[in-house]
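Going by my numbering, the residue at position 26 of the sequence shown is 26; the numbering climbs one at a time, nothing skipped.
Note sheet for the following structure.
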Amino acid sequence: MKKNCFWKKRRITALFTAAAVGMGLLAGCGTNAGKESGAQASAENTAQPGAETAAVFNETGMPIVNEPITLKVLIETSPLYPISPELWYFKQMEELTGIRWEIECVDNDQWKERKSLIFASQDLPDIIIATPQNFDTGDIITYAGAKQLIPLNELLDNYAPNYMGLLEKYPESRKLYAPDGNMYGLNGTFAGGNLDTLGARCFLNTAWLDKAGLAMPQTYEEFYEALVAMRDGDLDGNGENDTIPLSGTNNQYSVDPFVAGPLGIPFTSVASRWMTEGDRIVYVPASDIYLEYLKRMKQLFDEQLLDQEYFTQNEEQLRAKGAAMQLGAYSYSAHFVMTGSTDPAVYGQYEVINPLTSEWNEEKVWYGDAVRMPNIFITSANPYPEATIRYFDYAFSDEGSEMFTGPEYGQWEGEGGLKWNEDHTKCEYVTPEGYNGMWDYLCKEIAPLAVEFQGNSQYGDVWGSMQYTPEDTSFKSQMKERIAPYLKQEFPQLFFTIEEREEVALVLDEIKNYTAQMEVKFITGEEPIENHPQFVETLNSMGLERLIELYQGAYDRYLSAG
């Protein structure tokens with residue numbers, strides 16, 4: 001057995017200068033009175049380590065603690081990639097820092113119930129990691145107001161130089177601050193326009209296009225034509241009527257980039273139905289452009305161009321169709337994951353689609369985000385907040401970020417790993433048998449990449465030097481060419497004051513639920529689209545106009561913070 005030698009000398013180029021390390025959070029995000037008062041509140045809630053904590057805690061250097069400690073961590077996960085403390089990353093971090101994670105995983109579809117239970121019962125873990133969609137700004141304000149989440153400002157100032165450098169680097173980080181000037185959550189990974197995180201990834205079967213004599217669509221009209229050809233042409237050649245031209249799930253893997261995007265509507269998730277016109281907030285379902293969106297979605301559904309199970313199927317059911325090569329177009333993380341194959345003859349049938357234009361929007365646009373919303377939270381039950389912050393901050397250092405890519409091949413007891421060339425300038429990933437490519441292996445054996453805790457790994461020397469596997473290269477090169485030049489900031493999640501949140505809470509869920517229900521009814525034909533005016537009247541009777549006013553105020557604060 002070979003001893004792990006991850007910490008042996010590796011050639012690493014620093015991402016940030018020493019000056020960036022010393023920069024403060026408030027300097028990077030404005031110095032208005034709200035943030036100053038927030039910093040004072042943070043100081044009151046996160047004073048210097050107590051005597052018990054100080055006895056084991058080291059402010060600098062490794063280990064972080066002199067005596068082993070265990071942190072209880074609740075993580076929202078996909079059932080496909082549960083997070084285990086036995087991952088290589090966590091074992092190395094425990095050895096390095098003295099901190100072990102005791103992890104409870106909760107599937108996405110069970111998360112809301114579990115979240116409500118832990119806060120209502122006060123049975124809190126030490127750390128919570130969740131998707132911003134399922135732990136949104138309303139949750140942050142609610143649970144911070146109940147003092148169940150702690151403010152992080154002073155902890156970050158004192159113990160997180162690497163993370164602070166990233167806050168300075170990206171002005172969009174202003175959206176991480178609550179109205180009281182406090183930051184209650186960490187952004188587990190910074191996208192920064194990286195090809196790994198350029199919004200949705202949308203794929204089209206170009207092998208079928210070739211058979212139909214069609215080129216890659218540039219407009220929505222050409223895309224529609226391609227879907228019709230996929231429905232009618234038996235392009236898979238099996239003689240059966242089993243082709244599904246367009247599919248996804250009506251949540252994480254929405255078809256909206258194919259349909260709403262060409263209309264200039266920034267729908268990046270089903271939960272997000274807001275946009276701006278200049279500096280003015282618009283609730284899209286109450287607007288005229290939404291009618292066109294509904295008409296197009298209904299046409300696709302009525303003509304069986306859109307999967308008839310789109311509104312009810314889950315991710316596993318979608319992937320089963322992808323593995324059976326039934327899909328013409330879809331939104332998903334990667335084509336080789338969807339097809340379940342690393343054979344280029346299989347996944348290579350799919351290519352990244354271009355941003356589509358239409359008569360409603362002639363500009364190519366792809367909506368994404370450089371800085372994600374907070375998704376890592378420290379609760380008031382955590383007895384070691386200083387050690388916890390240092391643990392996470394290490395993930396944003398050069399050395400820490402490289403840990404997410406795993407060990408070097410042949411230098412540890414397991415199989416697989418990074419394999420460098422002789423002069424240590426290029427590397428490739430050796431993936432053992434039994435895994436569907438590098439990503440599948442990394443998520444199942446190496447690091448918690450399947451949740452949004454990846455630190456600054458996307459900017460480390462490893463990823464920059466990586467000779468990607470053919471399946472990765474095949475679509476990331478297309479993302480760089482077809483998507484990156486047209487990336488546009490999506491609508492941000494907004495923070496409300498406690499008073500505003502109370503008002504928002506009275507109507508938002510009702511309006512969101514009613515909108516979601518009616519949207520499905522409009523598209524499936526259960527409700528005539530001609531009844532849209534009555535739909536808007538009902539929204540207004542529920543309090544939509546006041547909700548828009550509240551969103552406008554929060555958005556104005558967001559703009560002024562920059």
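From the three backbone atoms N, C-alpha and C, an ideal C-beta is built for every residue, glycine too.
- An exposed status is given to Glu277, since fewer than 16 other beta-carbon atoms sit within 10 Å of its beta-carbon.
- The alpha carbon of Lys147 has as its nearest neighbour, out of Gln122, Met164, Lys169, the alpha carbon of Gln122.
- Relative to the Cα of Val284, the nearest Cα in the group Gly233, Ala516, Met164 belongs to Ala516.
- Look at the beta carbons and you see the region 333-342 touching the region 432-439: at least three pairs across the two are nearer than 8 Å.
- For Met93, the enclosing alpha helix (DSSP H) covers residues 88-97.
- In the DSSP assignment, Trp274 is bridged to Tyr283.
- Glu502: member of the alpha helix (DSSP H) spanning 498-524, first to last residue.
- Leu547 sits in a helix when the DSSP states are folded into three classes.
- The C-beta distance from Ala178 to Phe495 rounds to 5 Å, short enough to meet the 8 Å contact threshold.
- In summary, Arg201 is buried, with 16 or more beta-carbon neighbours lying within 10 Å of its beta-carbon over all protein chains present.
- Taking a contact to require three or more Cβ pairs closer than 8 Å, the region 132-148 and the region 372-389 qualify as touching.
- Per DSSP, reduced to three states, the secondary structure at Ile265 is coil, with no helix or strand assignment.
- When secondary structure is reduced to three states using DSSP, Leu152 falls in the coil class, being assigned neither helix nor strand.
- Only residues of its own chain outside the window of five on either side were considered, and among them Gly525 have a CB closer than 8 Å to the CB of Asp302, listed in chain order.
- Here the C-alpha atom of Glu445 lies approximately 5 Å from the C-alpha atom of Leu87.
- Following the DSSP letters along the chain, one finds Lys211 in no beta strand (DSSP E) but inside the alpha helix (DSSP H) bounded by residues 206-212.
- Across the set Gly406, Gly145, Gln92, the C-alpha of Gly406 shows the shortest separation from the C-alpha of Trp420.
- Its chain contains no residue whose beta carbon lies nearer than 6 Å to that of Ala324 once the 5 sequence neighbours on both sides are disregarded.
- By the neighbour-count definition (other C-beta atoms within 10 Å, threshold 16), Gly237 is an exposed residue.
- Burial is judged here by how many other beta carbons sit within 10 angstroms of a residue's own beta carbon; Arg280 has fewer than 16 and is exposed.
- With a 10 Å radius around the Cβ and a threshold of 16 neighbouring Cβ atoms, Asn513 comes out exposed.
- Short of 6 Å from the beta carbon of Thr189, and not among the five residues preceding or following it, lie these beta carbons of its own chain, in chain order: Glu452, Gln454.
- Under the three-state reduction of DSSP output, Gln218 falls in the coil class, being neither helix nor strand.
- The criterion of a C-beta distance shorter than 8 Å is satisfied by Tyr441 and Thr431.
- DSSP lists no beta-bridge partner residue for Val255.
- Secondary structure within the region 329-386: the alpha helix (DSSP H) runs of 4 or more consecutive residues, fully enclosed, are 335-339, 344-347 (chain order).
- Note that the C-beta distance between Ile389 and Ala160 is below 8 Å.
- Contact between the region 480-499 and the region 101-111 is absent: fewer than three C-beta pairs spanning the two stretches fall below 8 Å.
- At the C-beta level, Gly261 and Trp360 stay beyond 8 Å of one another.
- Rounded to whole angstroms, the Cβ separation of Arg174 and Ala561 is 4 Å, and the two are in contact under 8 Å.
- Per DSSP, the beta bridge partners of Glu428 are Lys419.
- In the three-state DSSP reduction, Gly455 falls in the strand class (E or B).
- Around the CB of Ile75, 16 or more other CB atoms lie within 10 Å, so the residue is classed as buried.
- Around Leu291, the same chain offers Ile529, His532 as residues with beta carbons nearer than 8 Å, after the five sequence neighbours per side are excluded.
- Residue burial is scored here from C-beta neighbours: Pro383 has fewer than 16 other C-beta atoms within 10 angstroms and is therefore classed as exposed.
- Phe491 sits in coil when the DSSP states are folded into three classes, being neither helix nor strand.
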